[in-house]
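Start counting the sequence shown at -12; every next residue gets the next number (our numbering). From the three backbone atoms N, C-alpha and C, an ideal C-beta is built for every residue, glycine too. Remarks on the structure that follows.
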Amino acid sequence: MNTSALAVKNALIKADLETPMQTNGLSREHKLDKIATLMSQVMNTLELDLNDDSLSETPARIAKMYVDEIFAGLDYGQFPKLATIDNKMGVDEMVKVKNIELTSTCEHHFVVIDGSATVAYIPDRQVIGLSKINRIVRFFAQRPQVQERLTRQILVALQTLLGTQDVAVSIEATHYCVKSRGVQDTNSSTQSTALGGVFKSDARTRAEFFA
């Protein structure tokens, strides 16, 4: 775990925003084997034929997808490698990245959350490469999530890395636990916002962010 990842993890724990996790000490290979075995049991319970050539590799595919892809953000070893740079240009106006695509997973039903994020900050002494903001959004999206926590995790991570409270995050997403099951509402979307520093205290700055 690099120093940036450790600082972010500690900040999230302090803010009571860390994803609920328990360390089990399993290696990647052991996780793959265990998830594949358990998924085979699920499929057998559903009376699916694992001898069928279309289904035989599904448990292993799901295990790899969980560990290496959609839940990769549970591993701080995968935290984006990034470095801030001194704000030598004296930038003191808002930097905003809009329409950051994100795909996450509802932690209640393990189905898709599909949406986009807008992230802004007002530089103090440090600035960050714009693509790194996208990578931080992706890292925290690659976990079982609730949207409210995801929004605040991104906020706190950037506040920690940039050394400023002046950060804002907004997410709009479709939840397939609503769209594909239960109420089966295909039209609704969910908006969540996390504001820090001047974005919370100053109405004009807040309005500029939402414009």
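- If you draw a 10 Å sphere on the C-beta of F58, you find 16 or more other C-beta atoms in it, and that means buried.
- Straight-line measurement puts the Cα of H162 at about 27 angstroms from the Cα of F186.
- Rounded to whole angstroms, the gap between the alpha carbons of S157 and S175 is 17 angstroms.
- Along the stretch 129 to 191, the alpha helix (DSSP H) occurs as fully enclosed runs of 4 or more residues at 134 to 149, 163 to 166, 185 to 188, listed in sequence order.
- Exposed is the label assigned to T32, since fewer than 16 other Cβ atoms lie within 10 Å of its Cβ.
- Nearest Cα to A47 within the set M30, E34, T147: M30.
- DSSP places A23 within a helical segment (H, G or I) once states are collapsed to three.
- Between the C-alpha atoms of A181 and S27 there is a straight-line separation of about 40 angstroms.
- Within the same chain, Cβ atoms closer than 8 angstroms to the Cβ of D79 are found at I109, P110, the five residues on either side in sequence being excluded.
- Counting C-beta pairs closer than 8 angstroms gives three or more between the stretch 130 to 146 and the stretch 85 to 100, which meets the contact rule.
- Beta-bridge partners of V106 (DSSP): V84, V156.
- Taking all protein chains shown into account, F66 has 16 or more neighbouring C-beta atoms within 10 Å of its C-beta and is therefore buried.
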